[in-house]
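Going by my numbering, the first residue of the sequence shown is number 701, and it counts up by one from there.
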Amino acid sequence: MKKIRSALNSLALIWCSLWLIAPAFASDALESVRVWPAPDKTRIVFDLAAAPEHSYFTIYDNQPYRLVIDFRNTRNQVNLDALDFESMMVNRIRSSSPPQASTTRIVLELSRQVTPVIFPLPPNERYGHRLVVDIPGQSVPEQRVTRSLEGMKERPVVVAIDAGHGGEDPGSIGPSGTYEKNITLPVARRLAELINADPGMKAVLVRTGDYGVQLNQRNRIARRERADMLISIHADAFTTPQPRGASVWVLSRRRANTELGRWLENREQHSELLGGAGEVLSNNGDDPYLARTLLDMSIDSSMSGGFEAANLLLSRLGTVTRLHRREPQAASFAVLNSPDIPSVLVELGFISNPQEEQEMRSTAHQQRLAQALYEGTREFFVRHPIDGTILANQRTRQHRVQSGDSLSVLAQRYGTTVRAIQQQNNLSSTVLRVGQVLEIPAS
């Protein structure tokens, strides 16, 4: 009996001891670490079970340069050695000996001395508590240009390709867990490869990897690269699995009018938005009526070009996938609001539809979609040639026959004659086949 009583007393003492020291043990947990290298920074996101209790300091007196973050009352559940990332700013993420047993110490080894930006984020629909660490500085190599435009008598048309979402923003999520961002980037890369293989065209990717780009930066990047068109690639979603099919969106007139007022107020951007016309405006004392007229003309031109491009893209997409809408749709998407660049937003299909989700994950289907987008884009620049470009000065152009085409229609469209098209293609009759590729002689 004494032995039992002694054992019970010992257990009670152990329990009391554990209860007394419990606060010294972690009440929070580091659940995952996500790394997003971008052109201007590397973002590291620490996912936690509860709001972070953190502090940090830097060690810059010797190399490697280090940013040290202490998570108090936090246990580490992440295998940091398994993190897979390539950043020009962050060389390694590791743990280190903490000042207290209940603290998790994380060390970021940096390539340069920087001032980090660190802030917590509360839970949202997709994520729980987070601590965000931004390391400023170029983190990915600059995009290589396959051919320089400088010194060329004739230049290729430039197409900016925006892969929707990226980084911490996965976009819509399919029934089997497919992220929209993991569909848009591969299709964008495939489209860029097709465009860059065409001597008359050049592609610029708005984002080249899995990182986020702010919406208002996407068309600015296109403008900086002197793009002649912007194509933003997305995957649609709905609350039920039934909707399916691709669609193409252009800027709504209401959004265009709203943006017009904003652009008029930003005099510093007039030259950037209007090119040579901006100098005319400057020489006329920034006349507000002249500014409105010039911007209105620019918007009308880019909206008209966007609408025509959308129709051609839909025509091509309809040969490789089902269409949700057969006509271009108007919307107020921020990425479409450039007054000087014809812009379209392409929804490749519904990622919320199980069948289309699987199709969009297929590399073969991604290639078909990219091919359709390339053909539609090229046809737009052939039909609406830009002075000084290679496509505008080609001796012949290619046209794939579509339903409703005839030699007389094509001759009128391209400014040539029926006889010239027949001679160029050795046609003995005026009968055309849908899908037939014709060489259109220069006018």
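Each residue gets a CB set at the ideal place from its N, CA and C atoms; glycine is no exception.
Nearest by alpha-carbon distance to Lys-1144: which of Ser-876, Arg-855, Ile-921, Gln-777 is it?
There is simply no residue 1144 to check, as the chain begins at 701 and stops at 1143 in what is shown.
Give the single residue among Arg-944, Leu-730, Ala-863 whose Cα lies nearest to the Cα of Leu-1045.
Ala-863
Considering only residues of the same chain and omitting the five flanking positions on each side of Asp-728, which have a CB-CB separation below 6 Å?
Leu-748, Ala-749, Ala-750, Asn-773, Thr-774
Report all residues from its chain with a CB closer than 6 Å to the CB of Phe-1007; omit the five preceding and five following residues, and keep chain order.
Contacts found: Val-950, Pro-1028.
Checking 8 Å against the spacing of the C-beta atoms, do Ala-922 and Val-948 come in under that value?
8 Å or more divides the Cβ of Ala-922 from the Cβ of Val-948.
Residue range of the beta strand (DSSP E) that Ala-935 falls in?
For Ala-935, the uninterrupted beta strand (DSSP E) run begins and ends at 929-936, by DSSP.
For His-1024, which of helix, strand or coil comes out of DSSP?
coil
Between which two residues does the beta strand (DSSP E) holding Val-1046 run?
Segment 1043-1050, the beta strand (DSSP E) holding Val-1046.
Identify, in the order they occur along the chain, each residue of the same chain with its Cβ nearer than 8 Å to the Cβ of Val-833, setting aside the five sequence neighbours on each side.
Arg-743, Ile-744, Val-745, Phe-746, Leu-767, Ile-769, Leu-808, Pro-816, Val-817, Ile-818
Which residue comes first and which comes last in the alpha helix (DSSP H) that contains Leu-1110?
First-last of the alpha helix (DSSP H) with Leu-1110: 1107-1114.
Taking just the CA atoms, how far does Leu-1069 sit from Asn-919?
Taking the straight line from one Cα to the other gives about 23 Å.
Measure how close the beta-carbons of Gly-912 and Glu-868 come, nearest whole angstrom, since I'm counting them as under 8 Å.
Right, the Cβ-Cβ distance comes to about 6 Å (below 8 Å), so this counts as a contact.
Smallest Cα separation from Arg-1022: which of Leu-1036, His-1065, Phe-1033, Ser-1038?
His-1065
Give me the Cβ distance between Ile-759 and Leu-930, rounded to the nearest whole Å; I'm assuming they're in contact under 8 Å.
With a Cβ gap of about 43 Å, Ile-759 and Leu-930 do not count as contacting.
Give every residue of the same chain whose Cβ lies closer than 8 Å to the Cβ of Gln-1136, excluding the five residues on either side of it in the sequence, and list them in chain order.
Arg-1100, Val-1101
Which same chain residues, not among the five before or five after Glu-731, have their C-beta less than 8 Å away from its C-beta?
Asp-747, Leu-748, Ala-749, Gln-777, Val-778, Gly-828
For Gly-828, does the three-state DSSP call read helix, strand or coil?
coil
Compute the beta-carbon to beta-carbon distance between Thr-804 and Ser-795, rounded to the nearest angstrom, for a pair I have assumed lies under 8 Å.
7 Å
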